[in-house]
Amino acid sequence: MTTHISISRRSIQVLRILVSGIFLVAGFNHLIHVEKTAQRIEQASFKGIAHFFGEPQWLIILSGIAMLGAGFLFLIGYKTKWAAVVLMAVLIPITLTVQVGQITTLGPLFKNIAILGGLLFFILNDTDKLLK
Numbered sequence: 000m001t002t003h004i005s006i007s008r009r010s011i012q013v014l015r016i017l018v019s020g021i022f023l024v025a026g027f028n029h030l031i032h033v034e035k036t037a038q039r040i041e042q043a044s045f046k047g048i049a050h051f052f053g054e055p056q057w058l059i060i061l062s063g064i065a066m067l068g069a070g071f072l073f074l075i076g077y078k079t080k081w082a083a084v085v086l087m088a089v090l091i092p093i094t095l096t097v098q099v100g101q102i103t104t105l106g107p108l109f110k111n112i113a114i115l116g117g118l119l120f121f122i123l124n125d126t127d128k129l130l131k
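Reminder that position 50 of the sequence shown reads as 49 in numbering that gives the first Met the number 0, one-by-one numbering, no gaps.
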């Protein structure tokens, strides 16, 4: 038994565009505010996660480049599923490092969880096929 779910093409495009915006802005901020971002990591409860992956300044630069690149591909709808996978791979360690374990960042924590939901939509659904 197959279930057909009708989804508006425009809603998929709008969701993709809106979700990409956070990554474009965050990627740009990572690249122009490396020291400020590194200080946030050093103040985080789970800063060990970032240190596990490497030097925080390099991770900030690499994540900024990844967010800008994959965010742009996601924005224009090119290789959307793979762009979403890259963005999710960047989002999860950032969320675990900076937002988890800090009562003052519950809003940003749940914002990141909502963004993760948006990315999962594009990972789990073949939206390229839906848009053709």
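A virtual CB, placed ideally from N, CA and C, is assigned to each residue, including glycine.
**Asked** Counting pairs of Cβ atoms below 8 Å between the stretch 67–81 and the stretch 92–101, do you hit three or more?
**Response** No, they do not touch.
**Message:** Since Ile-59 and Thr-96 should fall inside the 8 Å C-beta cutoff, what is the C-beta to C-beta distance between them, to a whole number of angstroms?
**Reply:** Under the criterion of beta carbons closer than 8 Å, Ile-59 and Thr-96 do not qualify as touching, at roughly 11 Å.
**Request:** Alpha carbon to alpha carbon, how far is Ser-44 from Gly-76? Give it in angstroms, no decimals.
**Result:** One C-alpha to the other measures close to 36 Å.
**Item:** Distance between Gly-26 and Leu-123 (C-alpha atoms, nearest Å)
**Value:** The straight-line gap from Cα to Cα measures roughly 24 Å.
**Request:** Rank Pro-92, Leu-118 and Gly-63 by C-alpha distance to the C-alpha of Ala-83 and give the top, closest one.
**Result:** Of Pro-92, Leu-118 and Gly-63, the residue nearest in Cα terms is Leu-118.
**Prompt:** Considering only C-alpha positions, which residue in the set Gly-53, Val-85 and His-50 is nearest to Phe-22?
**Reply:** Nearest Cα to Phe-22 within the set Gly-53, Val-85 and His-50: Val-85.
**Message:** Here's a check: name, in chain order, each residue in its chain whose Cβ is nearer than 8 Å to the Cβ of Asp-127, leaving out the five neighbours to either side.
**Reply:** So the list reads Gly-76, Thr-79 and Lys-80, once near-sequence residues are dropped.
**Message:** Suppose contacts are defined by Cβ-Cβ distances below 9 Å. Is Leu-108 in contact with Arg-15 by that definition?
**Reply:** In this structure, Leu-108 lies away from Arg-15, with their beta-carbon atoms at least 9 Å apart.
**Asked** Quick one: Cα of His-50 to Cα of Ser-5, how far?
**Response** Between the alpha carbons of His-50 and Ser-5 lies a distance of about 45 Å.
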